[in-house]
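Student: For reference, the structure I am asking about is given below.
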Amino acid sequence: MSFDTPSKVKEILSKYDFKPMHRRGQNFIIDKNIIQKIIQQSQITPTDHILEIGPGLGVLTNELSANAKKVLAVDIDKKIINILEN
Numbered sequence: 656m657s658f659d660t661p662s663k664v665k666e667i668l669s670k671y672d673f674k675p676m677h678r679r680g681q682n683f684i685i686d687k688n689i690i691q692k693i694i695q696q697s698q699i700t701p702t703d704h705i706l707e708i709g710p711g712l713g714v715l716t717n718e719l720s721a722n723a724k725k726v727l728a729v730d731i732d733k734k735i736i737n738i739l740e741n
């Protein structure tokens, strides 16, 4: 599923009964322009190994994976992990 609109994000969060905790910094990046700027500014190479802390819904994670050799995404929120695994 693509998360490129706020309504799609709300749909998936509702499906998993998840409410972001902003005190944990749970804000989800879905703007493709912002994601591309992050990728470009990071100067990721195909040999890079990346640790992403707090992958959210995995939108940035997918782009990181397309540009790096390996991405390890970790999160302390078990509900987010459940969403990512499904």
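Each step along the sequence shown adds one to the number in the numbering used here, with nothing skipped, and position 36 is 691.
The beta-carbon is built from N, C-alpha and C at its ideal position, and this holds for glycine as well.
1) Would DSSP call K724 helix, strand or coil?
2) Do A723 and I736 come within 8 angstroms of each other at the CB atom, strictly closer than that value?
3) Helix, strand or coil: how does DSSP classify L715 here?
4) From T700, I731, E718, K687, pick the residue whose C-alpha is nearest to that of P661; which is it?
5) Can you list, in chain order, the residues of its chain with a C-beta nearer than 8 angstroms to that of I694? Leave out the 5 residues immediately preceding and following it.
6) Give the single residue among V714, V729, Q681 whose Cα lies nearest to the Cα of K663.
Tutor: Working from what's here:
1) For the purposes of this step, residue 724 is taken as the residue at position 69 of the sequence shown. Three-state DSSP puts K724 in coil, outside helix and strand.
2) Locating residue 736 in the sequence shown gives position 81, where the first residue counts as 1. Locating residue 723 in the sequence shown gives position 68, where the first residue counts as 1. Not a contact, by the Cβ cut-off of 8 angstroms.
3) Stepping through the sequence shown from its first residue, residue 715 is reached at position 60. DSSP places L715 in helix when its eight states are reduced to three.
4) Here the question's residue 661 lines up with position 6 in the sequence shown. Among T700, I731, E718, K687, the Cα nearest to that of P661 belongs to K687.
5) Locating residue 694 in the sequence shown gives position 39, counting from the first residue. Taken in chain order, the residues that qualify are E718, L719, N722.
6) In the sequence shown, residue 663 corresponds to position 8, counting from 1. Looking at the Cα atoms, V714 is the closest of the given residues.
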